[in-house]
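Report on the following structure.
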Amino acid sequence: MKNETTFQYTYSAAQNQEVLRIRSSYLPREETKLEELVRLDNMVQSSGTAEALCAGIGGSLIFGFGIHLSIQMIGNFVWLGMLLGLLGVAGMLTAYPIRRKKREAAKEKHAPRILELTAELDNQIR
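One gets the numbering used here by counting positions in the sequence shown from 1 and adding 714 to each.
Dropping the structure here:
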């Protein structure tokens, strides 16, 4: 008695990749250590940018308005234009210290976790 059992399997790499891609889109997403490290570093590097931009742009607008008053109003309001111009310059000069202070605070806050992640990832590479 001859018993022949055959097994037929069709494999398609492209089809398998498509199935895995669809499956992964429905699974909950977990952040890898490298992604967390990049996210934290970007957070530290960009902290304080919005505040510094607001101070710089606001100061330049006040400065421009003060210059406009100084040029257009001859007489009693020249001193007001000069005062607004100086206030605008002071506002623009505060932009960099604001950014630096915010960045240092964010660096201090996130440094332990960043150092921990870099040590773990460095050990995995070696």
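Each residue gets a CB set at the ideal place from its N, CA and C atoms; glycine is no exception.
Cβ pair residue i, residue j closer than 8 Å
i	j	result
alanine 769	alanine 825	no
arginine 813	glutamate 765	yes
lysine 805	serine 784	The amino acid at residue 805 is misidentified as lysine; the sequence shows glycine. Result no, Cβ atoms of glycine 805 and serine 784 do not sit closer than 8 Å.
glycine 780	leucine 797	yes
glycine 778	methionine 787	no
Rounded C-alpha distance that separates residue i from residue j
i	j	result
serine 726	leucine 751	36 Å
threonine 720	tyrosine 740	35 Å
phenylalanine 791	serine 774	20 Å
leucine 767	glutamate 744	34 Å
asparagine 837	asparagine 756	22 Å
glutamine 737	proline 811	The question names glutamine, but residue 737 is arginine in the sequence shown. So the two alpha carbons sit approximately 49 Å from each other.
alanine 728	glutamate 718	32 Å
Exposed unless 16 or more other CB atoms sit within 10 angstroms - verdict on residue i
i	result
valine 733	exposed
isoleucine 776	buried
glycine 802	buried
Whole-Å CB distance - residue i paired with residue j, under 8 Å assumed
i	j	result
valine 758	alanine 820	5 Å
glycine 762	lysine 823	Actually they are not in contact, since the Cβ atoms of glycine 762 and lysine 823 sit about 12 Å apart, beyond 8 Å.
leucine 807	lysine 747	Incorrect: roughly 40 Å between the Cβ atoms, too far for contact.
leucine 754	isoleucine 839	The pair is not a contact, with the Cβ atoms about 19 Å apart (cut-off 8 Å).
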